[in-house]
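Chemist: Just so you know, the protein sequences line up as chains A and B, in that order.
First residue of the first sequence: 1, per this note's numbering; consecutive thereafter.
First residue of the second sequence: 500, per this note's numbering; consecutive thereafter.
By construction, the Cβ of each residue, glycine as well, lies at the ideal position given by its N, Cα and C atoms.
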Amino acid sequence: MTTTLPAYDEVVARYEPVIGLETHVELGTNTKMFCGCPTDFGGEPNTRVCPVCLGLPGSLPVANKAAIEAIIRIGLALNCSIAEWCRFARKNYFYPDMPKNFQISQYDEPICVDGYLDVEVNGETVRIEIERVHLEEDTGKTLHVGGATGRIHGATKSLVDYNRAGIPLVEIVTRPIPGTGALAPDVARAYVTELRDVIRTLGVSDVRMEEGSLRCDVNTSLNLPGQEWGTRTETKNVNSLRSVERAVRSEMLRQASVLDAGVRITQETRHFHEDTGDTTPGRSKETATDYRYFPEPDLVPIAPDPAWVAELKAALPELPRVHRRRLQQQWGLSDLDMQSVLNAGAVELIEATVAAGTTPAAARKWWLGELSRRANESGVELADIGATPGQVAELQGLVDAGKLNDKMARTVLEGVVDGEGSPTEIMTNRGLEVVSDTGALTAAVDEAIAANPGIADKIRSGKVAAAGALVGAVMKTTRGQADAKTVRELVLERLGVQG
Amino acid sequence: MAAISREEVAHLARLSRLAVTEEELDTFAGQLDVILQAVAQVGEVAAADIPPTSHSVPLTNIFREDVVTPCLTPQEALSGAPDVEDQRFRVPRILTEDVAS
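#1: So what does DSSP say about A227 (chain A), is it helix, strand or coil?
#2: Going by CA-CA distance only, name the one from A:A401, A:K403, A:V380, A:K365 that's closest to P389 (chain A).
#3: When Cβ atoms are compared, which residues of the region 28 to 43 of chain A fall closer than 7 Å to chain B?
#4: Quick check on DSSP: helix, strand or coil for K463 (chain A)?
#5: Cβ closer than 7 Å: which chain B residues qualify as neighbours of A66 (chain A)?
#6: How many angstroms separate the CA atom of E44 (chain A) from the CA atom of E84 (chain A)?
#7: Using the beta-carbon of each residue, which ones in chain B are nearer than 7 Å to N46 (chain A)?
#8: Can you tell me whether E596 (chain B) is helix, strand or coil according to DSSP?
#9: Can you give me the C-alpha to C-alpha distance between G140 (chain A) and N429 (chain A), rounded to a whole angstrom?
#10: Any Cβ of chain B within less than 8 Å of the Cβ of L54 (chain A)?
#11: Have a look at I128 (chain A) and P176 (chain A) and give me their C-alpha separation to the nearest angstrom.
#12: Where does F94 (chain A) land, buried or exposed, given buried means 16+ other C-beta within 10 angstroms?
#13: For the region 157 to 177 of chain A, which residues have a CB atom closer than 7 Å to at least one CB atom of chain B, in sequence order?
#14: Of all the residues that make up the region 303 to 324 of chain A, which are near chain C by a beta-carbon distance shorter than 9 Å?
#15: May I ask which residues mark the beginning and end of the beta strand (DSSP E) holding I172 (chain A)?
#16: Closest to G262 (chain A) by C-alpha separation, out of A:N223, A:Y162, A:V487, A:S250, would be which residue?
#17: Could you give the first and the last residue of the continuous beta strand (DSSP E) run that contains H273 (chain A)?
#18: Going by the CB atoms, is the gap between N452 (chain A) and A484 (chain A) shorter than 8 Å?
#19: Residues of chain B with CB closer than 7 Å to the CB of R87 (chain A), please, in chain order.
#20: Please determine, among A:R200, A:E210, A:H271, the residue with the shortest C-alpha to C-alpha distance to T235 (chain A).
#21: Would you say R505 (chain B) and L517 (chain B) are within 8 Å of each other, going by their C-beta atoms?
#22: With distances taken Cα to Cα, identify the nearest neighbour of T438 (chain A) among A:L382, A:P168, A:R264, A:T478.
#23: Out of curiosity, what's the CA-to-CA distance linking L169 (chain A) and E136 (chain A)?
#24: If you draw a straight line from the C-alpha of V497 (chain A) to the C-alpha of V464 (chain A), how long is it?
#25: When burial is assigned at 16 or more other CB atoms within 10 Å of the CB, is E493 (chain A) buried or exposed?
#26: Which two residues bound the contiguous alpha helix (DSSP H) that contains Q106 (chain A)?
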């Protein structure tokens, strides 16, 4: 931790990164993969378990048809081939997160293979090749007790809750992604974002990273230009889209400093830390992993009927990329403008705001302007900023109705983000409404004219531009709560000048 | 040639968390070798067009509808556990052979 990390620009000038991503998605089926226990998030420990998911002797698993259908739809959406015949496999290991001492997974016969997902980065399309998509069961949750930090190291015992054990889990593995250079962190993030949006569109998972229904492991390696790919590390515990980007970046910097010192990279699992943004080593892979996979004898092979697969394919919804292209046309945006909407994570938010009655231009202005700025400042995703599309539409409605001017609208929006209530409530509570009482405004205008006879004369003689000074004076007396355009019209009207 | 070496048996024993003595390794390696050689004879009579059998019944696509069925109560679920704490299965320390990091 004492070594100084090299600058990012220097690192990408000297090294070429190769990244790869393994993503786990918990399916939103009603029941677990091989038994009828419910899958809802949370719940008292060990209340959603039965002889099958506890691995009790004599129990037998049966595959959940909805989960098979869901993974085939995911595979199709990722342009994969669907296996005509495949089997589940036992992955044997001793770790109490599975009560059976093995996990039912798929090994050399995944149900979906050889696909791709196109993602947009900096206005360019990057094709991410998908090696495989397979189905397995999720593990239980272990609570390590007795160590200093709740981590497994130093723990004297562990407590296990098997509610999660057996929930259908889809693993999506990319092929190595070389050639992205300085954009590697952005490509990683764009891929996980696009994958999340695809799966959400399919409606097969709620893909919430913070609840763990979408989990991501990031492989990173560096090599010198023209040389073989370097040794990779696998970073786990990457729990947000922002972390995906940060994890790749931080691992690139760390590996460069190791390589610069003439030391080899150790192939290992590393843990990402949200707070510091860096990674620390986990268990070394060298001693690990002889899983002795063999075909699961308790489950018969899967041979999806081609007619069924064709039916599922024909019924796929409009996928995010196609959907975005349609929105881009509707909103009249250039590729570059659409890319900034995408980068900001604002596509769905703007869409929902427009659906609530706002013009695309106004919706985009708020989400990419004020709200993106606030999200960046506080380091949260735009969708979690605390303002909803409905509130933004309400705010813009108040502007359109002449009740708020632009400056006041910004103040109100700040209040919305800070949780003060709806735009209308904040406007009322803070007494922010535009002064629209013409009597009061006219009085303020007359006062300003009387106080500035020289300027008034200029305007009378045709120098309309000078009106700005009087408008400013009126805005000051009304404490900014007048509509500048109305004030200007009023000034000209009182002086008998045509605008 | 032996179908399984003494080293392989030692490796498997370790993976299976079985404490096996040096004498036992000799015994088991010999016994396992006999078993494996017997099984290997099946391979000699199987023609090239017979794929390895993983399932004895010629069935595919046995699925279950996605319908919730009753669970065990936590008391039932934990009744066979050697040790319980906070309604969870309590297991001994997991990492014993790990180097500190």
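Modeler: Taking the coordinates as given:
#1: It should be pointed out that residue 227 (chain A) corresponds to Gln in this sequence rather than to Ala. If DSSP states are grouped into helix, strand and coil, Q227 (chain A) belongs with coil.
#2: A:K365
#3: T29, N30, T31, G36, C37, P38
#4: coil
#5: D565
#6: 40 Å
#7: P573, A576, L577, Q586, R587
#8: Bear in mind that the predicted position of E596 (chain B) carries a pLDDT of just 46, short of 50, making it unreliable; the figure below should be weighed with that in mind. It is coil, neither helix nor strand.
#9: 49 Å
#10: yes
#11: 9 Å
#12: exposed
#13: K157, S158, L159, V160, D161
#14: This model lacks chain C altogether; the protein chains it does include are A and B.
#15: 168 to 174
#16: A:N223
#17: No beta strand (DSSP E) contains H273 (chain A), which DSSP labels as neither H nor E.
#18: no
#19: S553
#20: A:H271
#21: no
#22: A:T478
#23: 5 Å
#24: 8 Å
#25: exposed
#26: Counting along the chain, Q106 (chain A) falls outside any alpha helix (DSSP H), and DSSP gives it neither H nor E.
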